[in-house]
Structure formats: C-alpha cells, structure tokens
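Undergrad: Note that my numbering has the sequence shown beginning at 45, numbered continuously upward.
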Amino acid sequence: MTPNKRYGSYSPVCVRVTCPVDPPLHEKLLLIQQPRYRYSFKVPLPDGFFSTPPLSDNLRHEYIRQSQRSLVDFVAKTRLRGGPISWTFDHEHHGVTVYRGKDMHLPSGYRTVYLNVTEVQATLDEAASIMSAGADGRRDYCATYHNDQVVDLKNLYPLATPTPSHPHNSISIKWRAVTANNPLIKLRDMVFIEVYQAT
45 MTPNKRYGSY SPVCVRVTCP VDPPLHEKLL LIQQPRYRYS FKVPLPDGFF
95 STPPLSDNLR HEYIRQSQRS LVDFVAKTRL RGGPISWTFD HEHHGVTVYR
145 GKDMHLPSGY RTVYLNVTEV QATLDEAASI MSAGADGRRD YCATYHNDQV
195 VDLKNLYPLA TPTPSHPHNS ISIKWRAVTA NNPLIKLRDM VFIEVYQAT
C-alpha cells in the first residue's frame, strides 16, 4: 500500500501481510542504522550474521498480536466496497485494475494509496500455495516474485510455523535487503513481521 505502513496481497483464500516491527528490535537489526553499514554492506550476509537472542513469551505474543491486527486492518482496507477507504477506479493495465484511495490514518503527504486487482485462474490450494511461506515457513513471496529487487533475506524469528491442519499459515520476523536505486545508498534494509493466513 504505502511506504512505512503495511504491504500485502489478498485473495478470497489467503492473505500475506507485512508490517513494521516496533523498536527496540527494529533498531538493533537494521544495518542502515549502524554507522559502519550506513552507506553499503555486502550481500548475501552469512548465516548467523544477526544475533537473535530468544524473545520473551510476552514479546513473542505481542508480535503475534501485532501481526494479527495488521492482517485484519489490511483486509478491511482492501475491501472495494464497505471498507474504511473509498476506492475509485484509476486505470487498467494488462489485466490489472488499479484503484486509488486516501488512507486518512497515514501522515499527510502519504495518504494516497493504490489497490491493484487482478484475477488468477487457480484452484484454492494452488492460490494458497503461491502466497504461503512453504512447509517450513522460510519461503518469501517477495524474494520469489520480485527477485530483481530483493537481494538478501533472513528469517530471524519464526513466531508461528505451518501445521498439518493449517499448512499455509505462518508468522515470522524477517530481515530483507532491497535495491535502493540511489547513487549514495545502494541497498536498503528492513525488519518486518510477515504473516500468511489461508482462510
């Protein structure tokens, strides 16, 4: 949707949402915040690069609750009719219909948001599988489908992993490095919570 807010994909059968991780964990893990890595760092980072001390049960549950709130918020905001954002048709391009709206909860200057809608021919299991994090929770949608932008990814904290009864559901805290398209800063990195849920 909009920078520094929530991103996601949604279909009637499954939802994938990412949301920011609140400090202090975010500040400890972002490389761009550390002076020695501010302008560049080499990717891929080796396994074990990040120190990931165990999360307390309270913090782990808070991150799970935060991800679930983001999921509910995202699904509500992407509702074409009857949601908190009033969507209007913007344009259509190669089978993708683009709608424009205003999210009044965002800071001034970032309130215009876009919703892309398309139709994919697939079974319910195929659609859920495309969006899911895989059987071990380590697969990443953006690294798979936007690999020209995502240059490195680490799964830092698996908070909830897939189960036999919910094979497409997972919640993880991840670190991702992406191309910045900026001559001074070649890469940007982010720490976020990613939640996959099949409905």
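By construction, the Cβ of each residue, glycine as well, lies at the ideal position given by its N, Cα and C atoms. What you are looking at is a predicted structure, and each value in this text was computed from that prediction instead of being measured.
Three Cβ pairs or more, each shorter than 8 Å: is that satisfied between the stretch 186 to 198 and the stretch 215 to 222?
TA: By the Cβ criterion, the stretch 186 to 198 is in contact with the stretch 215 to 222, since at least three pairs of Cβ atoms, one from each stretch, lie closer than 8 Å.
Undergrad: Cβ of ASN44 within 7 Å of Cβ of GLN193?
TA: The first residue shown for the chain is 45 and the last is 243, placing residue 44 beyond what the model contains.
Undergrad: By how many angstroms is the C-alpha of THR167 removed from the C-alpha of TYR107?
TA: The residue labelled residue 107 in the question sits at position 63 within the sequence shown. The residue labelled residue 167 in the question sits at position 123 within the sequence shown. Distance between the alpha carbons of TYR107 and THR167 is about 32 Å.
Undergrad: Just to confirm, are VAL140 and THR122 a CB contact at a threshold of 7 Å?
TA: One-based indexing of the sequence shown puts residue 140 at position 96. One-based indexing of the sequence shown puts residue 122 at position 78. No. Outside cutoff.
Undergrad: Would you give the residue range spanned by the beta strand (DSSP E) that GLN241 belongs to?
TA: Start at 1 with the first residue of the sequence shown, and residue 241 comes out as number 197. Residues 231 to 242.
Undergrad: Just mark LYS49 as buried or exposed, buried being the case when its beta carbon has 16 or more other beta carbons within 10 Å.
TA: Reading the sequence shown from its first residue, position 5 is the one you call residue 49. Residue confidence for LYS49 is low, a pLDDT of 45 falling below 50, so the modelled location carries little weight and cannot support an answer.
Undergrad: Excluding five sequence neighbours on each side, which residues of the same chain lie with their C-beta closer than 7 Å to the C-beta of LEU115?
TA: In the sequence shown, the residue the question calls residue 115 occupies position 71. Closer than 7 Å at Cβ, skipping near neighbours: VAL59, VAL61, VAL239, GLN241.
Undergrad: How big is the Cα-Cα spacing for LEU124 and ARG183?
TA: By one-based count along the sequence shown, residue 124 stands at place 80. By one-based count along the sequence shown, residue 183 stands at place 139. When rounded, the distance between both Cα atoms is 29 Å.
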